[in-house]
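Chains as they are written, first to last, in this note's numbering: chain P, 1 to 541; chain S, 542 to 1024.
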Amino acid sequence: MTRTEPNRSSKSESENSGGGGGGTTAMRVIVPLQGVVQGRGGLFLGSVIPCAFFYFLQFYLKRNRKNEPDSGEPIPNPDSDSASPDPTRSQSVGNLTELASLPRSLSRILLSPRLSGGAASVSGRASCVIKGGDSPYHVGQKRVEEDPYDESGNPDGVIELGSAHTTKMDWVSEDPGEAISDGLCMSGIASYEPCHGLIELKTAVAGFMSEATKNSVSFDPSQLVLTSGAASAIEILSFCLADSGNAFLVPTPCSPGYDRDVKWRTGVDLIHVPCRSADNFNISMLVLDRGFYLAKKRGVKIRGVIISNPWNPTGTLLTRENLYALLDFARERNIHIISNEVFAGSVHEEGGEFVSMAEIVDTEENVDRERVHIIYDLSKDLSFPGLRTAAIYSFNESVLSASRKLTTLSPVSSPTQHLLISAISSPKFVQRFVKTNRERLMRVYTELVKGLKELGIECTRSSGGFFCWVDMRGFMSSYSEKGEIELWNKLLNIGKINVIPGSCCHCIEPGWFRLCFSNLSETDVPVVMNRIRKVCETCKS
Amino acid sequence: TSTHFSLPSLQSIFSLSPIVFRAVTYHVFKALKKKMGLPLMMERSSNNNNVVELSRVAVSDTHGEDSPYFAGWKAYDENPYEESHNPSGVIQMGLAENQVSFDLLESYLAKKNPEVSMWGSKGAPGFRENALFQDYHGLKSFRQAMASFMQQIRGGKARFDPDRIVLTAGATAANELLTFILADPNDALLVPTPYYPGFDRDLRWRTGVRIVPIHCDSSNHFQITPEALEQAYQTARDANIRVRGVLITNPSNPLGATVQKKVLEDLLDFCVRMNIHLVSDEIYSGSVFHASEFTSVAEIVENIDDVSVKERVHIVYSLSKDLGLPGFRVGTIYSYNDNVVRTARRMSSFTLVSSQTQHMLASMLSDEEFTEKYIRINRERLRRRYETIVEGLKKAGIECLKGNAGLFCWMNLGFLLDTKTKQGELELWDVILKELKLNISPGSSCHCSEYGWFRVCFANMSEKTLEIALERIHEFMDRRRGF
């Protein structure tokens, strides 16, 4: 009895609501309502209809949004020339560095098509590039260009310790010229050749990469794609692995170049995952996980993780455990791993063991192999940056096929390819060169660390690569980004050395600096120490 | 009264309904999601052997390498013609490469110290500096050499400032770079048809920019008319697409003809009126048969002082066609707009020219005596080749568009088509590839609005090979007429 009572009451309700109209129309309204209220299939319909309505509304909105430009990247209003400020740098940094001298008037000129005499605008992407020119990275570079240090010619000039842009290399006693016995024949090299590299060069590069891993992995030349520089390699991989609006996870501190290579033209974003000095800047899976879920909550789809091994800027080598953990992480979330192994051949620590990502996936199944992509840069190991040759190594056929086509847009010049084939096919020359390079790096690094310790400056243990990650927290006026930039300014203007502040590397703790020592000779180290001492004294006072 | 089957009480229904609601919506969502392929719910991707996904750019076919333009190259690769070993192979007439003046280059380099050619003027010790130099500004000496070379080609009628030259690895990269700089995704560039099939890839693939064609037809020798321009612009506006610029090739590929001065002036006016950019791809400027017939947009801009007009003009150039050095991958962007130059320079980090190449070519290009001689002889030889092929085709009863530049001719085979459609044209192309064993480029891959036109390259082979190709065409035409 309890069952029918409520039904009856609701029935009377519906009758009352529908009773306003005439007889048959009322019945037409009442009967379905009755069905809804009484639950005869009505509950189902009553749930589905509003859902479906809401759903189709979403679908409609999404379809309309698809017709607009991809909303992933912050596309600035094309009617103004001043794009959104670089989101990764804080306001304080922008205030302290010199501003790019953009003609301000341009931003006010209306760029509607009908107005004649107005300046034609550049795209949003270009505007971001123009704006980004006032970061410490570029400012320091400009200062070095204007006033470069020269031991004899300009002893008060600015010493470049920011990037591996070497301008002199007196230590190269080996003359690569002798390694290249055959002259270059024009007709053999002038015509169109596969943009992704000659097979001979690929074989030579594969051999080189194996050498760096002390032959524990053998690299297959057919899985290599050559391109003009590591920047281009990272950009190509970004284009292939992620759509505009997606993001990559990057543990920081990271290379300042990623902001340009990954973000500029692709529309792919970088989510920085901070590592702390307390952990020695090692990657923590927990923090990576957190970064992933925070991004997901914001609606950003993560497509991959970018790591570098040896790490840029700290110089640490990732252990096997690290790499296995990363692979598990990527497997669980079905994302890619980009392993930036450009400094693989520059491991200078005695007994330092470089483990390539390729070795980790050697024993894994195909599915996992397809998520790993390795970037290698011949120019770093051979110190030939001008020759612009980098490689992408992947196990994923689709990525290789797309990359091969993309290299028409950033190919390696054929005389350079032939030159390199001759140079690095001579194993004697290669081994001697690389050995000399490593020993020199170790010597300079040891000297540098000793000198810094005398000044009371610590740095993380760097096993490979050209960089030293230096802790100068004690010399900042305030423990903040502002203090870091002030110190950087002092180093540049008083000490006349150009280093990269940690904020450019997106380090979450202020006070760390990246020092590049690949272009220092042993005699330069005391000069650098003197200059740092000068700055330290002004800081202490 | 009990027309409804017995149900639990209303109360229990209401308590049950949230569960039912969620179950129902979940299944409805899943079904609809599958149907529409939209990621409407952020599901945690389970580890069930999901193959990891790639981006849209990677899987799209905007690279255009499946078009007949490239398919013919594959056929050539499989069965290439060789005078002695494979005389019945496929003759490659679809690749615009300049091999007619190679001997001049070789003799020049042999005369100078070969070391110089490899390492630049300092010889082997110069190697070190060479190998270390990676400034994206490019070698000053090389930029100066490029500027003077470009000036010479235009007979000194326009001056080029070396500081406005940005080096890229090939004109392909230069075009893409300019597109990145001048247009946002989903904007459009107006390009006159027929155009180089590679533009579909270079201008569109990674940039997300669209191409809106300016239709030209044979009634006025495929020149751009103001009406066609306006119509193209209107088409874009109707589709709600923002036009950012016009990109022309002067001399035109595949037409093999220069753009007239009047047309260039009209184009510039149009661009000023609509407030858009003008990009002139002058990659074949050194291959014009008579120097007087070529007007570069640089000449027109030379006499204009109004900066707002000058700032919208950009020129792309490369050494691949004029010097016949495509493998060297040297391209440049020359822009009158400071912002564009600065941005292009920074973005060129992705596509820098090897410093060794720069050294190698700097000394050669700054030798004015050599370049003047080279340009003159190259033009002469190309002209003679062109006349040979046009004569040969005329004898076979085939007409070509009157051309005065480039490494190819634009041939009209419309009268041979069964049906004047794209299908008909592709069938004819297939016949020519399979029976005649000649790889030529069909007009449809160049987006030509008329069917039956084909591009035939003549500069990438020896004279003997050209004769053999012409013979094959004669035989084919005789057979056709015989039926």
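Every residue gets a Cβ at the ideal spot worked out from N, C-alpha and C, and that includes glycine.
CA nearest to the CA of residue i, picked from the options
{"i": "S356/P", "options": "L326/P, P411/P, S403/P", "result": "L326/P"}
{"i": "E806/S", "options": "P795/S, S837/S, Y858/S, V631/S", "result": "S837/S"}
{"i": "P738/S", "options": "F995/S, G749/S, E1012/S", "result": "F995/S"}
{"i": "E350/P", "options": "M476/P, G140/P, P194/P, S462/P", "result": "S462/P"}
{"i": "N280/P", "options": "I335/P, K490/P, W469/P", "result": "W469/P"}
{"i": "C240/P", "options": "E932/S, E594/S, H678/S, S1003/S", "result": "E594/S"}
{"i": "N794/S", "options": "E606/S, N627/S, F740/S", "result": "F740/S"}
{"i": "L448/P", "options": "A204/P, F466/P, T436/P", "result": "F466/P"}
{"i": "N727/S", "options": "P767/S, H756/S, R778/S, F683/S", "result": "R778/S"}
{"i": "S890/S", "options": "N64/P, G257/P, R303/P", "result": "G257/P"}
{"i": "G456/P", "options": "T446/P, S383/P, G474/P, E359/P", "result": "G474/P"}
{"i": "N498/P", "options": "T523/P, C507/P, I532/P", "result": "I532/P"}
{"i": "L819/S", "options": "A773/S, L719/S, V641/S, R705/S", "result": "L719/S"}
{"i": "H272/P", "options": "A390/P, E359/P, C254/P", "result": "C254/P"}
{"i": "E397/P", "options": "K405/P, F384/P, E370/P, P385/P", "result": "E370/P"}
{"i": "G451/P", "options": "V300/P, P501/P, V527/P", "result": "V527/P"}
{"i": "D676/S", "options": "P136/P, V129/P, V144/P, F53/P", "result": "V144/P"}
{"i": "S277/P", "options": "H336/P, P510/P, P415/P, A358/P", "result": "P510/P"}
{"i": "D220/P", "options": "D269/P, A204/P, A230/P", "result": "A204/P"}
{"i": "M815/S", "options": "Y774/S, Q801/S, K803/S", "result": "Y774/S"}
{"i": "G162/P", "options": "L61/P, L520/P, C539/P", "result": "L520/P"}
{"i": "K681/S", "options": "Q899/S, N953/S, I973/S, E932/S", "result": "Q899/S"}
{"i": "H831/S", "options": "G872/S, R695/S, Q964/S", "result": "R695/S"}
{"i": "K405/P", "options": "S1003/S, L969/S, D607/S, G965/S", "result": "D607/S"}
{"i": "Q417/P", "options": "G229/P, Y55/P, L237/P, F54/P", "result": "G229/P"}
Cα-Cα separation between residue i and residue j, rounded to whole angstroms
{"i": "L948/S", "j": "I824/S", "result": "11 Å"}
{"i": "I75/P", "j": "R125/P", "result": "Reliability fails at I75/P, whose pLDDT of 32 lies under 50, so the model's placement of it is uncertain and no value is given."}
{"i": "S284/P", "j": "S413/P", "result": "41 Å"}
{"i": "K615/S", "j": "H196/P", "result": "17 Å"}
{"i": "G1023/S", "j": "A798/S", "result": "34 Å"}
{"i": "G984/S", "j": "Y610/S", "result": "9 Å"}
{"i": "K935/S", "j": "L198/P", "result": "41 Å"}
{"i": "G679/S", "j": "V707/S", "result": "8 Å"}
{"i": "T363/P", "j": "P251/P", "result": "26 Å"}
{"i": "I392/P", "j": "R747/S", "result": "18 Å"}
{"i": "A100/P", "j": "V129/P", "result": "Caution is warranted here: a pLDDT of 34 is assigned to A100/P, below 50, making its placement in the model unreliable, and no coordinate value can be reported."}
{"i": "T227/P", "j": "A206/P", "result": "14 Å"}
{"i": "C757/S", "j": "A344/P", "result": "55 Å"}
{"i": "N309/P", "j": "A242/P", "result": "22 Å"}
Inter-residue CB distance, residue i and residue j (contact presumed, cutoff 8 Å)
{"i": "V854/S", "j": "Y877/S", "result": "5 Å"}
{"i": "E717/S", "j": "L409/P", "result": "5 Å"}
{"i": "K490/P", "j": "V535/P", "result": "5 Å"}
{"i": "G140/P", "j": "L492/P", "result": "6 Å"}
{"i": "E834/S", "j": "N945/S", "result": "5 Å"}
Residue i, enclosing alpha helix (DSSP H) - first and last residue
{"i": "G965/S", "result": "963 to 972"}
{"i": "Y915/S", "result": "909 to 936"}
{"i": "G386/P", "result": "That residue, G386/P, is in no alpha helix (DSSP H); it is neither H nor E in DSSP."}
{"i": "N953/S", "result": "Careful: N953/S lies outside any alpha helix (DSSP H), inside the beta strand (DSSP E) at 949 to 953."}
{"i": "A651/S", "result": "643 to 652"}
{"i": "C539/P", "result": "524 to 540"}
{"i": "C128/P", "result": "124 to 131"}
{"i": "F1017/S", "result": "1004 to 1023"}
{"i": "W512/P", "result": "Careful: W512/P lies outside any alpha helix (DSSP H), inside the beta strand (DSSP E) at 512 to 516."}
Limits of the beta strand (DSSP E) - the one that residue i falls within
{"i": "I337/P", "result": "336 to 340"}
{"i": "R303/P", "result": "302 to 308"}
{"i": "F395/P", "result": "No beta strand (DSSP E) contains F395/P, which DSSP labels as neither H nor E."}
{"i": "W614/S", "result": "Taken as a continuous stretch (DSSP letters only), W614/S belongs to no beta strand (DSSP E), being part of the alpha helix (DSSP H) at 609 to 619."}
{"i": "I374/P", "result": "372 to 377"}
| query | At which residue ranges does the region 785 to 844 of chain S contain complete beta strand (DSSP E) runs of 3 or more residues, listed in the order of the chain? | reply | The qualifying runs are 818 to 822.
| query | What are the start and end residues of each continuous beta strand (DSSP E) run of 3 or more residues lying completely inside the region 401 to 449 of chain P, in chain order? | reply | DSSP runs (the beta strand (DSSP E)) wholly in the region 401 to 449 of chain P: none.
| Any alpha helix (DSSP H) of 4 or more consecutive residues that is wholly inside the region 189 to 241 of chain P | Counting only unbroken stretches of 4 or more residues, the alpha helix (DSSP H) elements lying wholly within the region 189 to 241 of chain P are 199 to 212, 230 to 241, in sequence order.
| request: Give, in chain order, every unbroken run of the alpha helix (DSSP H) that is at least 4 residues long and sits entirely within the region 679 to 746 of chain S. | output: Counting whole runs of 4 or more residues, the region 679 to 746 of chain S contains the alpha helix (DSSP H) stretches 681 to 694, 712 to 723, 740 to 743.
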